[in-house]
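Have a look at the structure below before the remarks.
2 protein chains.
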Amino acid sequence: MLIANALLADGTKRHIDVAGGRIAALLPASASLPARDDILDVAGGLLLPPLVDGHIHLDKTLLGLPWIPNQAAGNRVADRIEAERKVRAARTVPEAETGSNLVRQVVASGTLHMRSHVDIDNQLGLRNLHEVLKIRERFQGLVTIEIVAFPQSGILRSPGTAELLDAAVAEGADLVGGLDPVGIDGDLDGHLDAVFGIAEQRGVGVDIHLHDGGDGGIAQLLAIAERTIATGLAGRVAVSHAFALGSVDAEKAARTAGVLAKAGVAIMSHGPGGAPIPPLALLHQHGVKVFGGSDNIRDAWSPFGNGDMLERAMMIGYRANFRHDHELQFAFEMVTDAAARVLGIEAYGIAVGAAADFVIVDAGSVAEAVATRPRRKLVIKSGRVVAKDGVFVA
Amino acid sequence: MLIANALLADGTKRHIDVAGGRIAALLPASASLPARDDILDVAGGLLLPPLVDGHIHLDKTLLGLPWIPNQAAGNRVADRIEAERKVRAARTVPEAETGSNLVRQVVASGTLHMRSHVDIDNQLGLRNLHEVLKIRERFQGLVTIEIVAFPQSGILRSPGTAELLDAAVAEGADLVGGLDPVGIDGDLDGHLDAVFGIAEQRGVGVDIHLHDGGDGGIAQLLAIAERTIATGLAGRVAVSHAFALGSVDAEKAARTAGVLAKAGVAIMSHGPGGAPIPPLALLHQHGVKVFGGSDNIRDAWSPFGNGDMLERAMMIGYRANFRHDHELQFAFEMVTDAAARVLGIEAYGIAVGAAADFVIVDAGSVAEAVATRPRRKLVIKSGRVVAKDGVFVA
Chain S
11 MLIANALLAD
21 GTKRHIDVAG
31 GRIAALLPAS
41 ASLPARDDIL
51 DVAGGLLLPP
61 LVDGHIHLDK
71 TLLGLPWIPN
81 QAAGNRVADR
91 IEAERKVRAA
101 RTVPEAETGS
111 NLVRQVVASG
121 TLHMRSHVDI
131 DNQLGLRNLH
141 EVLKIRERFQ
151 GLVTIEIVAF
161 PQSGILRSPG
171 TAELLDAAVA
181 EGADLVGGLD
191 PVGIDGDLDG
201 HLDAVFGIAE
211 QRGVGVDIHL
221 HDGGDGGIAQ
231 LLAIAERTIA
241 TGLAGRVAVS
251 HAFALGSVDA
261 EKAARTAGVL
271 AKAGVAIMSH
281 GPGGAPIPPL
291 ALLHQHGVKV
301 FGGSDNIRDA
311 WSPFGNGDML
321 ERAMMIGYRA
331 NFRHDHELQF
341 AFEMVTDAAA
351 RVLGIEAYGI
361 AVGAAADFVI
371 VDAGSVAEAV
381 ATRPRRKLVI
391 KSGRVVAKDG
401 VFVA
Chain F
11 MLIANALLAD
21 GTKRHIDVAG
31 GRIAALLPAS
41 ASLPARDDIL
51 DVAGGLLLPP
61 LVDGHIHLDK
71 TLLGLPWIPN
81 QAAGNRVADR
91 IEAERKVRAA
101 RTVPEAETGS
111 NLVRQVVASG
121 TLHMRSHVDI
131 DNQLGLRNLH
141 EVLKIRERFQ
151 GLVTIEIVAF
161 PQSGILRSPG
171 TAELLDAAVA
181 EGADLVGGLD
191 PVGIDGDLDG
201 HLDAVFGIAE
211 QRGVGVDIHL
221 HDGGDGGIAQ
231 LLAIAERTIA
241 TGLAGRVAVS
251 HAFALGSVDA
261 EKAARTAGVL
271 AKAGVAIMSH
281 GPGGAPIPPL
291 ALLHQHGVKV
301 FGGSDNIRDA
311 WSPFGNGDML
321 ERAMMIGYRA
331 NFRHDHELQF
341 AFEMVTDAAA
351 RVLGIEAYGI
361 AVGAAADFVI
371 VDAGSVAEAV
381 ATRPRRKLVI
391 KSGRVVAKDG
401 VFVA
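In the order they appear, the protein sequences are chains S and F. The first sequence begins at 11 in my numbering and counts up by one. The second sequence begins at 11 in my numbering and counts up by one.
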């Protein structure tokens, strides 16, 4: 396959020679096209690397089911956990099916790599893990699905969960998760003992949901950084949301950023709507890896979301008050290169030797693509078209 | 024309008989269809009233031009005013053309009524007003365009502007606007003297942009309420943005809401990304009319926005932390009924005698339509299809 006349993010126009599912050569578009019958002329379309969703919940989505109204009794995380239990109990379609609906939808929007948190608690056991493992199996070769064993009901307040998290890693989860050590479990050390204990013993990374705001949230971030250093897990730990960084003054946020950077703790943001957004540019300036994710997509937590990571980059940019092209590019990097690095995706990007995975859109630049979120003309995986004009065809 | 098998927002299914551009009858969908050759079967599609954009800038958009990067030197309103002057000076395509591009795009997304602010200052004079009057003329009979004479560069700091605002009303503007009396003009009374003086003398309404936050912004809201009562303009005054209401505590916001409700001052919010959102539910509970608008759409102020008011309702809901169906319905009302009332749109809504203006989408409820923002299958104006599958065909 030879993709002709692609506009790259750096503004150059190239022909891209693909062989064995990899980029074999990046030729200047001025080069004359060889006589081949496998040329795909994209006519100046913007060719991007595949989108990466650094935070999705494949087991939670209700996508494809008739509309289910939100049932949370209040606005606390604990209220939403309760509401989800009811929705889960009333489910008749297994998570592997709704999650597969979501995978097809996100592939159609250009996502080929994702990190999925998977609920584990003492009611669910490893049920949802088994469902998401089925999804991973089903879409093997098309999408990368990294799995976080996520204690959605807490660890200490849901006795037996620590053992289940450990078992989940043994059965295929790639990372161990956590959830508001203070806000949910009320025991910072107890929670982190469990999470980092499993991570250290099993040799896996960590990704902790932290909604707790203010100074209390900052204290938990600092404790996570300390544990990361103590366990030698630098570069393999992330905190998702970290609203606290957006709810304290810039000086405190900067000090915390310095600690996180040194410890090798990355921060995931989805551009929250009703909570403070961490100061992304400041974090980046201090050396913290920041990456993007969808979070909830039409589930018991939120009616919003569709898994489109270009739209997510727009949301992140909108919430971060980004307006300049370099800022929109930064939001784009959060859902491409930065997320790929956090997930450890190999051979990622537009370079000779990298995987021949592409998203092609009508836009003159990355900034324009983020702002306008055009329909994906083509999504290509290993040199094969897997979605066309926003429709999954793999 | 008879629209068959429409799902209404109240959950009922109806046939809608249209005659003379009005709704002649709302028949139960169980009624047998007459033998007519003008039946449009929408097969259970959700039929909504047309969307209303309570705050658009038809003269600012750069829609249809090649991408122009944001050039503001900083993040203050004053920086953006300066940046816009440069973009404006470099323009080669008149505002009537880019604004018409935007009108076609918003009609395709179901908007048939809008309030456009139009920049007026002592450099521009009435140039932009004349451009937007051309747009209004061009799309007469298709869309309602209410015009606000908007002092984008301030009134006192741009000498001669007060006279121009007055002249603008004489030439066809429907309301007089204002802009941060303290933050931009540094003279609360001087600014409001000019705005309310023109409004009172010309018998027109008022819509003031207020970005100023905190207690300073609240003081300006209270002053606007006082002026509204003093000039007998209750019900004809709006404040756009009013970020201050989202930046003070709930008690102060509630007290201010009580004053605004009593004075008949409405609040417009676009669900701001980088500024605090006013507490919409609290305002509504206190009797304040709250309505929605797009604000900037791909212009010198913002790279974001596309004029889709279903997407705007989603943004408002996302920022307001709305998750329940009744909350999503409230966001929808902000961009339909509530905005129509503020704009004084006659014969609006789905009722016998109302205009036969409809938007039809694939969704099972208003809440689902807001969350998923499906492509508009049909947009109908006075019983005539004006957009189909997201494409303008009028």
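All residues carry an ideal CB built from backbone N, CA and C; glycine is no exception.
Cutoff 6 Å; reference residue i; Cβ partners in own chain excluding five residues on either side
i         : result
S:Ile-390 : Phe-368
F:Ala-364 : Ile-33 and Ala-357
S:His-140 : none
F:Leu-270 : Ala-235 and Val-298
F:Arg-246 : Gly-215
S:Ile-355 : His-123
Test: residue i CB closer than 9 Å to a CB of chain F
i         : result
S:Thr-382 : yes
S:Gly-256 : no
S:Asn-331 : yes
S:Asp-335 : yes
S:Arg-98  : no
S:Gly-226 : no
S:Glu-343 : no
C-beta neighbour in chain S for residue i, strict 9 Å
i         : result
F:Ser-375 : yes
F:Ser-312 : yes
F:Leu-338 : yes
F:Ala-19  : no
F:Met-278 : no
F:Gly-54  : no
F:Glu-94  : no
F:Asn-132 : no
F:Arg-308 : yes
Where residue i falls: helix, strand or coil (DSSP)
i         : result
F:Asp-63  : strand
S:Thr-238 : helix
F:Glu-356 : coil
S:Val-403 : coil
F:Lys-96  : helix
S:Ala-29  : strand
S:Leu-185 : strand
F:Lys-70  : coil
S:Ala-379 : helix
F:Ser-163 : coil
F:Gly-302 : strand
F:Ile-277 : strand
F:Ala-350 : helix
F:Leu-255 : helix
S:Val-205 : helix
9 Å Cβ cutoff met for residue i and residue j
i         : j         : result
F:Ser-375 : F:Gly-21  : yes
F:Val-128 : F:Ala-178 : yes
F:Ala-276 : F:Val-300 : yes
S:Gly-467 : S:Leu-220 : Outside the shown range of chain S, which is 11 to 404, sits residue 467 of chain S, and nothing can be said about it.
S:Thr-113 : S:Leu-75  : Checking the sequence shown, residue 113 of chain S turns out to be Val, not Thr. For S:Val-113 and S:Leu-75, no; Cβs fall outside 9 Å.
F:Pro-282 : F:Phe-253 : yes
S:Val-371 : S:Ala-323 : no
F:Pro-161 : F:Thr-154 : no
F:Ala-330 : F:Ile-360 : no
S:Lys-144 : S:Trp-311 : no
S:Ala-397 : S:Val-205 : no
According to DSSP, residues forming a beta bridge with residue i
i         : result
S:Lys-23  : S:Leu-17
S:Val-174 : Here residue 174 of chain S is Leu; the residue named in the question, Val, does not match the sequence. The partner list for S:Leu-174 (beta bridge, DSSP) is empty, contrary to what the question assumes.
F:Asp-51  : F:Ala-14
F:Leu-290 : F:Leu-290 is not bridged to any residue.
F:Val-371 : F:Leu-56 and F:Arg-386
F:Met-124 : F:Asp-63 and F:Ile-155
F:Arg-394 : F:Lys-391
Sequence-distant residues of the same chain with beta carbon closer than 7 Å to residue i, five excluded per side
i         : result
S:Ala-348 : Lys-299, Val-300 and Phe-301
F:Ala-267 : Leu-292, Leu-293, His-296 and Val-298
F:Val-345 : Leu-61, Val-62, Gly-302, Met-319, Arg-322 and Ala-323
Sequence-distant residues of the same chain with beta carbon closer than 8 Å to residue i, five excluded per side
i         : result
F:Val-158 : Arg-125, Ser-126, His-127, Val-128, Ala-183, Asp-184, Leu-185, Val-186, Gly-187 and Asp-217
S:Leu-202 : Gly-188, Pro-191, Ala-233, Ile-234 and Arg-237
F:Ala-83  : Asp-89, Glu-92 and Ala-93
>> So if I threshold CB-CB distances at 9 Å, which residues from the region 72-92 of chain S count as touching chain C?
In response: The structure shown contains no chain C; its protein chains are S and F.
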